[in-house]
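Heads up, the thing below is written out as structure tokens.
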Amino acid sequence: MTQQILQSSEITWDEDYRTRINPQLMTSLLRTSIPVLEQSDWTVTRVEDGCCETLLPLNKATTNQHGTHQAALVSLSADYTGGMALATLLRGVPLAGIHACHDDVSASLWLAGMNVRYKSPSTGHLTGICEIDLVQAEEIRKRYFRGSRVLATLQVRFYSNGELTAEAEMKYFAQPTIQLSPANSNPSRSTLFSHKLKASARMIAGIRARKSSHPKLKNHCPHANLVAGPHGELLADHLQEILPQLKDMVLTRSQHIDELLQQVPDLKQVVLAGAGLDMRSITHADTLPDVTFFEIDLPEMIAERERVTKLLPQDYRERRVLLSANFKVDDLAQILRQHPNFDTTLPTVIIFEGCSMYFSEAENQRIFRSFLELMDHPLSCVWADFVTQAVVTGRTNNLYIKNFLQGMDSLGESFVFGADDPTDWLKQLGFNFVETISAGEYLNEIDSVLSAYSFSVARR
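For reference, each letter of the sequence shown is one residue, going 1 to 460 in this note's numbering.
Set out below in structure tokens:
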């Protein structure tokens, strides 16, 4: 929050206008994030401190059977006109889901309610105007920058052919995004935080549901399409357009894990640390009949897993143990050791898939040391994937990677950790036997994106 206060006081309106909130930039960013705005040719035409003006043209995409504006699109325009006016007051603060940003410096805005009064049919291009009075604007600024949630009611007026066509009363929430995440002092989670968790897991499930044309990749999850749902398919489509290699990256890591599970003799336990919507415990139930799967994730994801697995023909519940944990604060070794069904002396594979890049180095060190405490059997091992430091710091020159990271930022899933030499990094933590291979090496492909992504198997 201190960082955001400094931004508010140090950045001038002219600089903020030029770099964050000008009409051309915001029209482009909003159209990218909300495709219906692109399809309707909606435009931000004017932005001032505490004010926004927009244009919803009268065209084929925006009209109804009477040749006038669709009421629903007028409401949509009201939403983003008022939201933009509110955003102008958050000097220097990027908007989550719109600007490329991290949770610790961004603001989350969302519509809490609306009431639109239509006075007459709109038969011309529709201008929307939201002007926040000076007293309300100052109160909004004070509340946000002292770390309080903002609940603001704003008025948006619409004019067509010079006449007042509609008036809208819009209620918005605004809050620093970092406050949506659970903390030790406040372990409860917001609805938006829960949505973000599920969105990321559904996106990966949407990728797992696909098949690769690469001759080496045979991996396919028959349940992934169901658990991803239309939301996961949509997100997967979006991110794969940005990073074409994404499908093969996800399928490669899935296949690498599956091969490991078949290679460990007399395997008895598999820990899905950060299980998400990985259906491996169900798809491998027949081929690994003696294995108990321990599925660990945040409570919201565990609840989502329970919901979607009930949709499957068989959920093998008797061989699956679902455990809730927050990897940032909980001791995973303690949680598993306390469970009567877990035995550290049995051959165990711990899968930490798609997780390391979202935790700080210190958090990762603590998590992997906790894994070591669960590996008393000499055949037990940890599987984990890593990106390089250049991916995290943005030093890569690969445009695909940069655009992908921006896409992940918009999902609220920013990368914060990378390891150029995962083998050395893991050995420093106490793992004596580590094997690492990049996705490019696994596929025998020379590709800078695939080379920046690797898998490690670590043993004591």
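By construction, the Cβ of each residue, glycine as well, lies at the ideal position given by its N, Cα and C atoms. Bear in mind that the values here come from a model prediction, so they are computed numbers and not experimental data.
Original post:
Where do the N-terminal and C-terminal ends of the beta strand (DSSP E) with ALA362 fall, by residue?
Top reply: That residue, ALA362, is in no beta strand (DSSP E); its alpha helix (DSSP H) goes 361-372.
Original post:
Just the Cα atoms here: how many angstroms apart are LYS427 and ASP421?
Top reply: When rounded, the distance between both Cα atoms is 10 Å.
Subject >> Own chain, CB closer than 6 Å to HIS284, minus 5 neighbours either side, in chain order >> reply: Contacts found: none.
Subject >> Own chain residues within Cβ distance below 7 Å of ILE98, not counting five before or after >> reply: Around ILE98: LEU29, LEU30 and SER33.
Subject >> Assigned exposure category for ALA112 - 16 Cβ within 10 Å defines buried >> reply: It counts as exposed.
**OP:** Report the rounded CA-to-CA distance for LEU154 versus GLY82, giving the unit in angstroms.
**Re:** Going by the C-alpha atoms only, they are around 7 Å apart.
Original post:
What is the residue span of the alpha helix (DSSP H) that PHE327 lies within?
Top reply: Where PHE327 is concerned, there is no enclosing alpha helix (DSSP H), given that its DSSP letter is neither H nor E.
Subject >> 8 Å CB neighbourhood of HIS223 in its chain, flanking five on each side removed >> reply: Closer than 8 Å at the Cβ level, and outside the excluded window around HIS223, lie MET279, ILE282, THR283 and LEU312.
Original post:
CB PHE386 to CB GLY418, shorter than 8 Å?
Top reply: Yes, Cβ-Cβ distance for PHE386 and GLY418 is below 8 Å.
Original post:
Nearest CA to the CA of THR19: which residue from LEU37, LEU58, VAL93 and SER75?
Top reply: Sorting LEU37, LEU58, VAL93 and SER75 by C-alpha distance to the C-alpha of THR19 places VAL93 at the top.
**OP:** Would you please verify whether the beta carbon of GLN179 is less than 8 Å from any beta carbon of chain D?
**Re:** In summary, chain D is missing from the structure at hand, where a single protein chain is found.
Subject >> Inter-residue Cα distance where the pair is PHE455 and ARG253 >> reply: The alpha-carbon of PHE455 is positioned some 7 Å away from that of ARG253.
Original post:
Leaving out five residues before and five after PRO299 in sequence, what residues of the same chain have Cβ atoms less than 7 Å from its Cβ?
Top reply: Cβ neighbours of PRO299 beyond the five flanking positions: SER324.
**OP:** Counting only the same chain and skipping the five closest in sequence on each side, list residues whose C-beta sits under 8 Å from that of GLY394.
**Re:** Around GLY394: LYS402 and LEU405.
**OP:** Starting from the C-beta of PHE352, find all residues in its chain whose C-beta is less than 6 Å away, skip the five residues before and the five after it, and write them out in chain order.
**Re:** If we look at PHE352 and ignore the five residues flanking it on each side, its Cβ neighbours are ALA273 and ALA384.
Original post:
So, MET249 versus LEU450, is the Cβ gap smaller than 8 Å?
Top reply: Cβ atoms of MET249 and LEU450: closer than 8 Å.
**OP:** Quick one: residues in its chain with C-beta nearer than 6 Å to the C-beta of HIS102, no 5 flanking neighbours on either side, listed in chain order?
**Re:** Its chain contains SER414 as the residues whose beta carbon lies nearer than 6 Å to that of HIS102, once the 5 sequence neighbours on both sides are disregarded; these appear in chain order.
**OP:** Could you spell out the range, first to last residue, of the alpha helix (DSSP H) harbouring SER281?
**Re:** First-last of the alpha helix (DSSP H) with SER281: 280-283.
Original post:
Should the region 113-131 be regarded as contacting the region 45-62, the criterion being three or more beta carbon pairs within less than 8 Å?
Top reply: In short, these stretches touch, since the Cβ pair count reaches three.
Original post:
What three-state label does DSSP hand THR43 in the structure shown?
Top reply: In this structure, DSSP gives THR43 an extended state, which the three-state scheme calls strand.
Subject >> N- and C-terminal bounds of the beta strand (DSSP E) containing ALA385 >> reply: For the record, residue 385 in the displayed sequence is Asp; it is not Ala. Annotation for ASP385: the continuous beta strand (DSSP E) segment containing it runs 381-387.
Original post:
In or out: SER367 buried (at least 16 other Cβ within 10 Å) or exposed?
Top reply: Looking at the sequence itself, residue 367 is Ile, so the reference to Ser does not match. In this structure ILE367 is buried. Its beta-carbon is surrounded by 16 or more other beta-carbon atoms within 10 angstroms.
**OP:** Pair every Cβ in the region 326-346 with every Cβ in the region 371-383, then say whether three or more of these pairs are closer than 8 Å.
**Re:** Below 8 Å, enough C-beta pairs join the region 326-346 and the region 371-383 to call them touching: three or more.
**OP:** Assign GLY83 to one of three DSSP states: helix, strand, or coil.
**Re:** Residue state, collapsed to three classes: helix.
Original post:
Leaving out five residues before and five after ASN64 in sequence, what residues of the same chain have Cβ atoms less than 7 Å from its Cβ?
Top reply: Closer than 7 Å at Cβ, skipping near neighbours: GLN70.
Original post:
From ARG157 to LEU73, what does the alpha carbon distance come to, in whole angstroms?
Top reply: The C-alpha of LEU73 is placed about 14 Å away from the C-alpha of ARG157.
Original post:
Who are MET170's beta bridge partners in DSSP?
Top reply: Bridge partners of MET170: MET114 and LEU154.
Subject >> Top-ranked residue by Cα proximity to ASP290, from GLU318, HIS231 and THR68 >> reply: Taking only the C-alpha atoms, the option nearest ASP290 is GLU318.
Subject >> Cβ-Cβ distance between LEU264 and PRO347 below 8 Å >> reply: Strictly speaking, residue 264 in this sequence is Val, with Leu absent from that position. PRO347 sits close to VAL264, with the two beta carbons spaced by under 8 Å.
Original post:
DSSP puts ILE350 in a beta bridge; with which residues?
Top reply: Answer is VAL271 and VAL382, bridged to ILE350.
Subject >> Contact set for LYS216: own chain, Cβ-Cβ below 7 Å, skip 5 residues either direction >> reply: Contacts found: LEU443.
**OP:** Leaving aside the five residues before and after HIS214 along the sequence, list all residues of the same chain whose C-beta is less than 7 Å from its C-beta, in chain order.
**Re:** Here the set comprises ASP248 and LEU443.
Original post:
How would you label GLN240, buried or exposed, when you count the other beta carbons within 10 angstroms and need 16 or more for buried?
Top reply: Burial call: buried.
Original post:
Does DSSP put THR27 in a helix, a strand or coil?
Top reply: Note: THR27 maps to helix in three-state DSSP.
Subject >> Straight-line gap, ASP315 to THR345 (C-alpha atoms, nearest Å) >> reply: So the alpha carbons of these two residues sit roughly 27 Å apart.
Original post:
Where does the unbroken beta strand (DSSP E) through TYR453 begin, and where does it stop?
Top reply: Element bounds for TYR453: 453-459.
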